[in-house]
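Visitor: As numbered in the numbering used here, the sequence shown has no gaps in its residue numbers, which increase by one up to the final residue, 512. First the structure, which I've put down as structure tokens, then a few questions once you've had a look.
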Amino acid sequence: MYIRNLILILFSSILISGCATTYAPSDWLPNTDEIQKESFGGWMTLIVRPDSLIAQDTYLQYDGEFISSDENNVYLLADSLFIIPKENISTGILEIDEKNSVEYGLWTFGGFIATISNGVYLIFTAPLWLFTGIPATIGESNRDRYEYDEENTDSLYWENIQKFARFPQGLPDNIELKNLKPKIILTNDLE
Numbered sequence: 322m323y324i325r326n327l328i329l330i331l332f333s334s335i336l337i338s339g340c341a342t343t344y345a346p347s348d349w350l351p352n353t354d355e356i357q358k359e360s361f362g363g364w365m366t367l368i369v370r371p372d373s374l375i376a377q378d379t380y381l382q383y384d385g386e387f388i389s390s391d392e393n394n395v396y397l398l399a400d401s402l403f404i405i406p407k408e409n410i411s412t413g414i415l416e417i418d419e420k421n422s423v424e425y426g427l428w429t430f431g432g433f434i435a436t437i438s439n440g441v442y443l444i445f446t447a448p449l450w451l452f453t454g455i456p457a458t459i460g461e462s463n464r465d466r467y468e469y470d471e472e473n474t475d476s477l478y479w480e481n482i483q484k485f486a487r488f489p490q491g492l493p494d495n496i497e498l499k500n501l502k503p504k505i506i507l508t509n510d511l512e
């Protein structure tokens, strides 16, 4: 009974501990080996402060493909194009590719369970699986994920992530922003 509860607790902690949530729609992020072939920008989620000082106003969340950024604005494309002033952005996350953190967690759990066959050496091998597997799972979950926090991020953040935009050199002068098409058409489940 004790071992079963211990295994359940350890498995739950592997799956939950430090795993980053993705905000991108399913099938939107490419696999890691396909990034170089992708002509679209990464998926960005931005939390924007309200424009007023009224306490009832709430923060807004914008999600979409990272089109580009300039000195003052960030351009996101979802169902429509959003032009978001940088000065209003509170936090943000840019995701580049699909993560394999679930597979890492399952391998860690499987390896941990397999140590039962090690007999007495289980006291050495089981913790070894956990001490290596949990950090690997967390690392995979946070790989290629760029977080912005207005209090802890310097001004180089936007320069560093610009290479992951659809237009990394900036918006072309001859482009009509309203004519940009998203990678996939996002549907509203309420319709």
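Backbone N, C-alpha and C define an ideal beta-carbon position, used for all residues, glycine too.
According to DSSP, is E419 helix, strand or coil?
Guide: Note: E419 maps to coil in three-state DSSP.
Visitor: So what's N352 in DSSP terms, helix, strand or just coil?
Guide: Under the three-state reduction of DSSP, N352 is assigned to coil, being neither helix nor strand.
Visitor: Residues in the same chain with beta-carbon distance under 6 Å from E468, minus the five sequence neighbours each way, listed in chain order, please.
Guide: I414
Visitor: How far does the alpha helix (DSSP H) with S401 in it extend, from its first residue to its last?
Guide: Looking at the DSSP string, S401 is not in any alpha helix (DSSP H), and its letter there is neither H nor E.
Visitor: Quick check: G454 and T429, are their CB atoms within less than 8 Å of each other?
Guide: In this structure, G454 places its C-beta atom within 8 Å of the C-beta atom of T429.
Visitor: First and last residue of the beta strand (DSSP E) that includes S462?
Guide: From DSSP, S462 is part of no beta strand (DSSP E) but of the alpha helix (DSSP H) over 443 to 463.
Visitor: Thinking C-alpha only, which one of V369, P371, L397 is nearest K499?
Guide: It is L397.
Visitor: If you compare alpha carbons, which of N421, G426, F445 is closest to L350?
Guide: N421
Visitor: Measuring alpha carbon to alpha carbon, tell me which of N352, F433, G363, Y380 ends up nearest R370.
Guide: Considering only alpha carbons, the answer is Y380.
Visitor: Contact check, F403 vs G385 under 8 Å by CB: the rounded distance?
Guide: Their Cβ separation, rounded to whole angstroms, is 6 Å, which keeps F403 and G385 in contact under 8 Å.
Visitor: May I have the straight-line CA-CA distance separating D354 from E419, to the nearest angstrom?
Guide: So the two alpha carbons sit approximately 10 Å from each other.
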